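Engineer: The structure's right below; bear with me while I get my questions together.
Residue numbers (the numbering used here): 268 to 395.
Here it is, written out as structure tokens:
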């Protein structure tokens with residue numbers, strides 16, 4: 268699962284922060300806040316929806332992250348043998364696979380309770 272944030276929601280959060288700073292600076296000043304759409308989505312579902320929006324078909328098969336990890340390791344080893352003269356390897360490393368397979372979600376509850384923030388647009392860009 269990943270959290271994404273529509274740009275209008277970030278702008279709205281900044282307006283909420285400005286209002287909160289004016290009304291009660293001590294409760295807001297110096298604090299950090301996560302701002303999200305508050306609707307975590309599967310990364311590959313998000314990517315597939317973008318592909319469909321661009322007119323491409325969704326992937327027909329699903330491959331586990333462990334298999335992709337193994338394939339990337341093998342491809343990098345092969346690439347290192349074939350492209351000895353290159354300084355950098357063109358194949359993404361295992362860290363890239365891990366980054367795409369892990370969960371990255373954040374709670375915006377602090378922004379909601381202190382700033383009065385709430386998402387104004389969904390991931391599809393529709394008003395909530």
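Note that beta-carbon positions come from the ideal geometry of N, C-alpha and C, so glycine has one too.
Please read these numbers as outputs of a predicted model, since none were measured by experiment.
Consult DSSP for residue 371 and reduce its assignment to one of helix, strand or coil.
Structural biologist: strand
Engineer: Would you list the one or two residues that DSSP bridges to residue 308?
Structural biologist: The beta-bridge partner set that DSSP reports for residue 308 consists of 269.
Engineer: Do you know offhand how far residue 327's Cα is from residue 382's?
Structural biologist: 43 Å
Engineer: To which residues of the same chain is residue 318 closer than 7 Å at the C-beta, ignoring the five residues directly before and after it?
Structural biologist: 325
Engineer: Does DSSP put residue 382 in a helix, a strand or coil?
Structural biologist: When secondary structure is reduced to three states using DSSP, residue 382 falls in the helix class.
Engineer: For the putative contact between residue 295 and residue 288, defined by C-beta atoms under 8 Å, what is the C-beta separation to the nearest angstrom?
Structural biologist: 5 Å
Engineer: What residues match up with residue 334 in a beta bridge as DSSP calls it?
Structural biologist: The partner list for residue 334 (beta bridge, DSSP) is empty, contrary to what the question assumes.
Engineer: Answer yes if the region 300 to 318 comes into contact with the region 333 to 351, meaning at least three C-beta pairs across the two stretches below 8 Å, and no otherwise.
Structural biologist: As far as the Cβ criterion goes, the region 333 to 351 does not touch the region 300 to 318, which means the pair count is below three.
Engineer: Going by C-alpha distance, which of 332, 358, 331, 333 is nearest residue 344?
Structural biologist: Closest option to residue 344, Cα to Cα, is 358.
Engineer: For residue 388 versus residue 275, is the C-beta distance shorter than 8 Å?
Structural biologist: yes
Engineer: Could you tell me whether the Cβ atoms of residue 270 and residue 373 are closer together than 8 Å?
Structural biologist: yes
Engineer: When you measure from the CB of residue 320 to every non-hydrogen atom of the ligand ZN, does any distance come out below 7 Å?
Structural biologist: Although the ligand ZN was asked about, the structure shown includes no ligands whatsoever.
Engineer: Of all the options 283, 285, 311, which has the alpha carbon lying nearest to the alpha carbon of residue 370?
Structural biologist: 311
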